[in-house]
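Engineer:
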Amino acid sequence: MSKINARIPEGPLAQKWTNYKDHQKLVNPSNKRKLDVIIIGTGLAGASAAAALGEMGFNVKNFCIQDSPRRAHSIAAQGGINAAKNYPNDGDSVFRLFYDTIKGGDYRSREGNVHRLAEVSNSIIDQCVAQGVPFAREYGGLLDNRSFGGAQVSRTFYAKGQTGQQLLLGAYQALMRQVNLGTVTMYTRTELVEIVLVDGKAHGIISRDLVTGELQRHFGHAVVLATGGYGNAFFLSTNAMGSNGSALVKAYQKGAMFANPCMAQIHPTCIPVHGESQSKLTLMSESLRNDGRIWVPKKKEDAEAIRSGKLKATQIAEENRDYYLERRYPAFGNLVPRDVASRAAKERCDAGYGVGATGLAVYLDFKSSIERLGQKTIEDRYGNLFQMYEKIVDENPYETPMMIYPAMHYTMGGIWVDYELQTTIPGLFAAGEANFSDHGANRLGASALMQGLADGYFVLPYTLQNYLADEIHTKRMTTNEPEFVDAERAVKERFAQLMGIKGKRTVDSLHKELGLVMWDFVGMGRNKKGLEDAIQKIAAIKKEFWTNVRIPGDQSGMNVELEKASRLADFIEIGDLMARDALNREESCGGHFREEYQTPEGEALRQDDKFAYVSCWEYKGEKQEPELHKEELIYETVKMVQRNYK
Amino acid sequence: MEKLINLTLKVWRQNGSKAKGRFETYKVNNVSTGSSFLEMLDMLNEQLVNEDKVPVAFDHDCREGICGTCSLYINGRPHGPDDDVTTCQLHMRKFTDGQTITIEPWRSTAFPVIYDLMVDRRAFDKIISAGGYVSVNTGGVPDANAIPIAKADADEAMDSASCIGCGACVAACKNGSAMLFVSAKVSQLAMLPQGRIEASRRAKAMVAKMDELGFGNCTNTGACEVECPKNISLSNIARLNREFLYAKFQD
Chain A
5 MSKINARIPE
15 GPLAQKWTNY
25 KDHQKLVNPS
35 NKRKLDVIII
45 GTGLAGASAA
55 AALGEMGFNV
65 KNFCIQDSPR
75 RAHSIAAQGG
85 INAAKNYPND
95 GDSVFRLFYD
105 TIKGGDYRSR
115 EGNVHRLAEV
125 SNSIIDQCVA
135 QGVPFAREYG
145 GLLDNRSFGG
155 AQVSRTFYAK
165 GQTGQQLLLG
175 AYQALMRQVN
185 LGTVTMYTRT
195 ELVEIVLVDG
205 KAHGIISRDL
215 VTGELQRHFG
225 HAVVLATGGY
235 GNAFFLSTNA
245 MGSNGSALVK
255 AYQKGAMFAN
265 PCMAQIHPTC
275 IPVHGESQSK
285 LTLMSESLRN
295 DGRIWVPKKK
305 EDAEAIRSGK
315 LKATQIAEEN
325 RDYYLERRYP
335 AFGNLVPRDV
345 ASRAAKERCD
355 AGYGVGATGL
365 AVYLDFKSSI
375 ERLGQKTIED
385 RYGNLFQMYE
395 KIVDENPYET
405 PMMIYPAMHY
415 TMGGIWVDYE
425 LQTTIPGLFA
435 AGEANFSDHG
445 ANRLGASALM
455 QGLADGYFVL
465 PYTLQNYLAD
475 EIHTKRMTTN
485 EPEFVDAERA
495 VKERFAQLMG
505 IKGKRTVDSL
515 HKELGLVMWD
525 FVGMGRNKKG
535 LEDAIQKIAA
545 IKKEFWTNVR
555 IPGDQSGMNV
565 ELEKASRLAD
575 FIEIGDLMAR
585 DALNREESCG
595 GHFREEYQTP
605 EGEALRQDDK
615 FAYVSCWEYK
625 GEKQEPELHK
635 EELIYETVKM
645 VQRNYK
Chain B
12 MEKLINLTLK
22 VWRQNGSKAK
32 GRFETYKVNN
42 VSTGSSFLEM
52 LDMLNEQLVN
62 EDKVPVAFDH
72 DCREGICGTC
82 SLYINGRPHG
92 PDDDVTTCQL
102 HMRKFTDGQT
112 ITIEPWRSTA
122 FPVIYDLMVD
132 RRAFDKIISA
142 GGYVSVNTGG
152 VPDANAIPIA
162 KADADEAMDS
172 ASCIGCGACV
182 AACKNGSAML
192 FVSAKVSQLA
202 MLPQGRIEAS
212 RRAKAMVAKM
222 DELGFGNCTN
232 TGACEVECPK
242 NISLSNIARL
252 NREFLYAKFQ
262 D
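Here the protein sequences line up with chains A and B, keeping their order. Just so we're aligned, residue 5 is where the first sequence starts under the numbering used here, counting upward by one. Just so we're aligned, residue 12 is where the second sequence starts under the numbering used here, counting upward by one.
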């Protein structure tokens, strides 16, 4: 028997989730109080899971590294959240949302999981409205929808350009209500530093209080990781500064498989890099592609003149502009999926048509929409995004086109989970961006919010309960068990080792070095030679880190450099795993583009006969290479074809 | 166009909540005017670590102006000398070559300093916990379009809901009042039919918690509105007062 069993329920696709819910095990109310659930992270997945499980009566401990659960990076999601409501009556359905997600993911996700996601999408919108989330409405008082990439229907619900903020505040408020009722205990400014296994099952964590530096032990009947993605391995990304992959690495090193680590999304519309001191990149919502048109100059000499400051975008005549997405993909135009849009921008810039001082930028132009709809309408739709752009770049996007370039944004890969969102470690679950399950090789816009809330509000409350039903016989342990003592000792030793290096390099300088390797070799265009080089270079950075990093201060009390160093050590492991996975996957699919595998038109060329599987990497110890396991992807409903957005 | 400037920084350093704080002076050179204020602080910290000194601790996370984590009193203004931005969105083009910049943490009884420029804002979570929500459980709710809401009301609720919980309003207020923060949440939920049902209960509970946590009284100076990075309007406070009085009359 393979170690990998997705445990998809039997039955027709549309009945699987209903069948599951009808037959799962339940826990009676008096037992729920006796069961402790540890949830790491307070983003959409973590906060919604903590709130929902608290409401059900479980005893929840919820952790976050920020000063408040409301800060989690879900808050920064701008554009919207998908659901199959079909309110606009444009032909949408649960099946179509399912199909678009499978296709958008380039046929590398599971049918069963994705169908469940589409099924629960409508309940999410109902739930959020009931919580008082102020979604955009039409004059008749009903909810408004907009379009997003990879779909020909309008199924995206939104709250100005702050949808993530409003959904997260909804979940946060539901969570704080449970804190008030005593079902959830919050631990802020507290970081998971180790997962504790007892008899092979996840039964607790070691955490570090980021203010006092103190290590703490926590027992749980189950542990849920909802800590988001690992895009900050690239140093520059749209993630928050604190976003990190350390919880995933801890899980991986304890035996949970890491699935599809190379599947990462480079978002096409971000504000370009301005210089050396750049600390992060700012996303400009995909929703802007509803009304903005992407172009570069048709003539190379115009592009050169723009780069040297002799010409302005507004001086290029209409006939000398190349709206390359509309030209290449007439059916979807500016609304092609993110991976396609990002590669197309890179292709034009690499060919010498890029704009901006660096030549690594393309235009996103609202001129024709402003002419058609008026500035007021554009302001209503995107006002806060335009303001944000102006504050950063010091240019008015109502007058001159925005400049954008792709940037690291989201990781589809993550900890492997089965249909119940359980990892290969019993009792350890992963939700939201932290798991790998629903987006395959590319995530569609407005689907991250959907997945985070689906996992937290509507999936885990069932599947976790099914697991906990068998845990009612496990008594609450004291944290003096040897497994806790040993885990805490190992953490202490690791921190002591880091503090003891006393080298010369700052954490950030090493992180930037890693980021450049990732961007150059494990970014939008990957090839065999480059990936082999990347693995060598990452190994060298790892060696340099462990022999020459400098962390001032000491282990007790607050030490921000120590926090960063500990996270960087884990990003280095992730970087290595991403490169290995990308090297192994000899095909192009979604966000994973191997230059050796492309169609004559430069589109991604999958190798379904060889790679229609999920890559699951098993940790084999510090000195050994990880072992690859495969979960075959079986498509019973959808036929795998080459994606076509033309 | 972008250029490089040299700066003198006077930064508040405090080695823990119980320690005595002091200003330290640092020089940071060759800062690009295209950099953000926090990127300038990153440069300072890189410099300090290279000198084997402990870097300055400050709160920050998304660096997109939405998470509400960053704070800082810069030259006497919360979030510094630009309008409608958080500190992470403040750019160095707002400063001149040779300028001295004073950087302090939020100063308020209800937000004690934790370390250097970091403060403890958990009081805001406690206020929300006291009643800043609609009391619905997950599942079993009506269809999202079952209750139409006038667009104007939804838009106004959205404006109130834009609050990022950064605490600039409290820091700007001479009384250290949290009225703008509390009123924004009370208003958002009171304007929507889903939240209207509990409006009185919510207003009373949140105000009581605010008072209990040591925030000061509102004397309508309006400093909070001026410094709010998200333009939360004073009219929210008027609405809160209305809700609160109405609730008291009902008692």
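Yeah, the Cβ is synthetic: ideal placement off N, Cα and C, and Gly gets one too.
With three or more beta-carbon pairs closer than 8 Å as the criterion, would you say the stretch 431-439 of chain A touches the stretch 215-233 of chain A?
Structural biologist: Contact between the stretch 431-439 of chain A and the stretch 215-233 of chain A is present, because at least three Cβ pairs lie under 8 Å.
Engineer: Which residues in chain B have a C-beta closer than 8 Å to the C-beta of serine 281 of chain A? List them in chain order.
Structural biologist: Val42, Ser43, Ser46, Glu50, Met51, Asp53 and Met54, listed in chain order.
Engineer: Ordered along the chain, which non-local residues of its own chain (more than five positions away) have a Cβ less than 7 Å from that of tyrosine 37 of chain B?
Structural biologist: Same-chain partners within the cutoff: Leu20, Val22 and Leu55.
Engineer: Of all the CB atoms in chain B, is at least one closer than 9 Å to the CB of isoleucine 129 of chain A?
Structural biologist: With 9 Å as the cut-off, isoleucine 129 of chain A counts as an interface residue toward chain B.
Engineer: Who are the neighbours of glycine 2 of chain B on chain A, taking C-beta pairs under 8 Å?
Structural biologist: This structure cannot settle anything about residue 2 of chain B, because the visible part of chain B is limited to 12 through 262.
Engineer: Roughly how many whole angstroms lie between the Cα atoms of aspartate 40 of chain A and phenylalanine 390 of chain A?
Structural biologist: Cα to Cα, aspartate 40 of chain A sits roughly 45 Å from phenylalanine 390 of chain A.
Engineer: Between the alpha carbons of tyrosine 649 of chain A and proline 334 of chain A, how many angstroms are there, rounded?
Structural biologist: If you take the alpha carbons of tyrosine 649 of chain A and proline 334 of chain A, they lie about 8 Å apart.
Engineer: Identify the residues that DSSP records as bridge partners of asparagine 563 of chain A: which are they?
Structural biologist: Beta-bridge pairing links asparagine 563 of chain A to no other residue.
Engineer: In angstroms, rounded to a whole number, what distance separates the CA positions of arginine 181 of chain A and aspartate 442 of chain A?
Structural biologist: Going from the Cα of arginine 181 of chain A to the Cα of aspartate 442 of chain A covers about 30 Å.
Engineer: What number of angstroms, rounded off, separates the C-alpha of proline 410 of chain A from the C-alpha of threonine 98 of chain B?
Structural biologist: Each residue's alpha carbon lies about 25 Å from the other.
Engineer: Return the residues of the stretch 72-96 of chain B that lie within a Cβ-Cβ distance of less than 8 Å from chain A, sorted by chain order.
Structural biologist: The stretch 72-96 of chain B vs chain A, Cβ under 8 Å: Asp72, Cys73, Arg74, Glu75, Gly76, Ile77, Cys78, Gly79, Thr80, Asp93, Asp95 and Val96.
Engineer: Per DSSP, which one or two residues make a beta bridge with proline 89 of chain B?
Structural biologist: Proline 89 of chain B is bridged to B:Tyr84.
Engineer: Leaving out five residues before and five after proline 138 of chain A in sequence, what residues of the same chain have Cβ atoms less than 7 Å from its Cβ?
Structural biologist: Closer than 7 Å at the Cβ level, and outside the excluded window around proline 138 of chain A, lie Ala163 and Gln170.
Engineer: Can you tell me which of the three DSSP states valine 39 of chain B falls into?
Structural biologist: Correct three-state label for valine 39 of chain B: strand.
Engineer: Please report the straight-line C-alpha distance between tyrosine 328 of chain A and arginine 75 of chain A, rounded to a whole angstrom.
Structural biologist: For tyrosine 328 of chain A and arginine 75 of chain A, the distance between alpha carbons rounds to 38 Å.
Engineer: If we ignore side chains and look at the alpha-carbon of each, how far apart do serine 211 of chain B and alanine 134 of chain B end up?
Structural biologist: Using only the alpha carbons, I get a separation of about 21 Å.
Engineer: Tell me the DSSP secondary structure of isoleucine 79 of chain A in three-state form.
Structural biologist: Note: isoleucine 79 of chain A maps to helix in three-state DSSP.
Engineer: Which runs of the alpha helix (DSSP H) fall wholly inside the stretch 289-317 of chain A and span at least 4 residues, in chain order?
Structural biologist: For the stretch 289-317 of chain A, whole alpha helix (DSSP H) runs of length 4 or above, ordered along the chain, are 304-311.
Engineer: Report the three-state DSSP secondary structure of tyrosine 409 of chain A (helix, strand or coil).
Structural biologist: Here tyrosine 409 of chain A sits in strand by DSSP.
Engineer: Using a Cβ cut-off of 7 Å, pull out every chain B residue sitting near glutamine 455 of chain A, in sequence order please.
Structural biologist: Under the 7 Å cutoff, chain B gives no residues; its nearest Cβ is about 16 Å from glutamine 455 of chain A.
Engineer: Using 10 angstroms around the beta-carbon of leucine 179 of chain A, count the other beta-carbons present and answer buried if the total reaches 16, otherwise exposed.
Structural biologist: So leucine 179 of chain A counts as buried.
Engineer: Rounded to whole angstroms, what's the CA-CA distance from valine 219 of chain B to serine 198 of chain B? Just pull it up for me.
Structural biologist: Reading off the sequence, residue 219 of chain B comes out as alanine, not valine. In a straight line, the C-alpha of alanine 219 of chain B is about 16 Å away from that of serine 198 of chain B.
Engineer: When you compare the CB of proline 725 of chain A with every CB in chain B, is at least one pair closer than 9 Å?
Structural biologist: Since the first and last residues shown for chain A are 5 and 650, residue 725 of chain A lies out of range.
Engineer: Examine chain A for any beta-carbon lying closer than 9 Å to the beta-carbon of aspartate 108 of chain B, and answer yes or no.
Structural biologist: No, no contact with chain A.
Engineer: Along the alpha helix (DSSP H) that carries aspartate 222 of chain B, what are the first and last residues, could you check?
Structural biologist: Element bounds for aspartate 222 of chain B: 210-223.
Engineer: Within the 9 Å Cβ cut-off, does isoleucine 79 of chain A reach chain B?
Structural biologist: Isoleucine 79 of chain A counts as touching chain B.
Engineer: Can you give me the start and stop residues for the beta strand (DSSP E) that aspartate 40 of chain A sits inside?
Structural biologist: First-last of the beta strand (DSSP E) with aspartate 40 of chain A: 40-44.
Engineer: Measure the Cβ-Cβ separation of alanine 438 of chain A and alanine 49 of chain A and say whether it is below 9 Å.
Structural biologist: Cβ atoms of alanine 438 of chain A and alanine 49 of chain A: closer than 9 Å.
Engineer: Report all residues from its chain with a CB closer than 7 Å to the CB of methionine 190 of chain A; omit the five preceding and five following residues, and keep chain order.
Structural biologist: Excluding sequence neighbours, methionine 190 of chain A sits near Asn66, Pro73 and Val183.
Engineer: Cβ atoms of aspartate 70 of chain B and valine 124 of chain B: under 9 Å apart, would you say?
Structural biologist: Against a cut-off of 9 Å, the Cβ pair of aspartate 70 of chain B and valine 124 of chain B comes out as no contact.
Engineer: Could you tell me which of B:Leu203, B:Ala214 and B:Met190 sits nearest to phenylalanine 226 of chain B, measuring between CA atoms?
Structural biologist: Answer by Cα proximity: B:Met190.
Engineer: Report yes if the C-beta distance between leucine 339 of chain A and glycine 153 of chain A is below 9 Å; otherwise report no.
Structural biologist: In contact: leucine 339 of chain A and glycine 153 of chain A (Cβ atoms closer than 9 Å).
Engineer: Apply the 10 Å Cβ neighbour rule to isoleucine 638 of chain A and answer buried if 16 or more other Cβ atoms are within range, or exposed otherwise.
Structural biologist: Under this definition isoleucine 638 of chain A is an exposed residue.
Engineer: Anyone know if the C-beta pair for glycine 360 of chain A and arginine 311 of chain A falls short of 9 Å?
Structural biologist: The answer is yes: Cβ separation under 9 Å.
Engineer: Where does asparagine 126 of chain A fall in DSSP's three states?
Structural biologist: Reduced to three states, the DSSP call for asparagine 126 of chain A is helix.
Engineer: Does the stretch 32-51 of chain B touch the stretch 277-286 of chain A, meaning 3 or more C-beta pairs lie closer than 8 Å?
Structural biologist: Output reads yes: the stretch 32-51 of chain B touches the stretch 277-286 of chain A.
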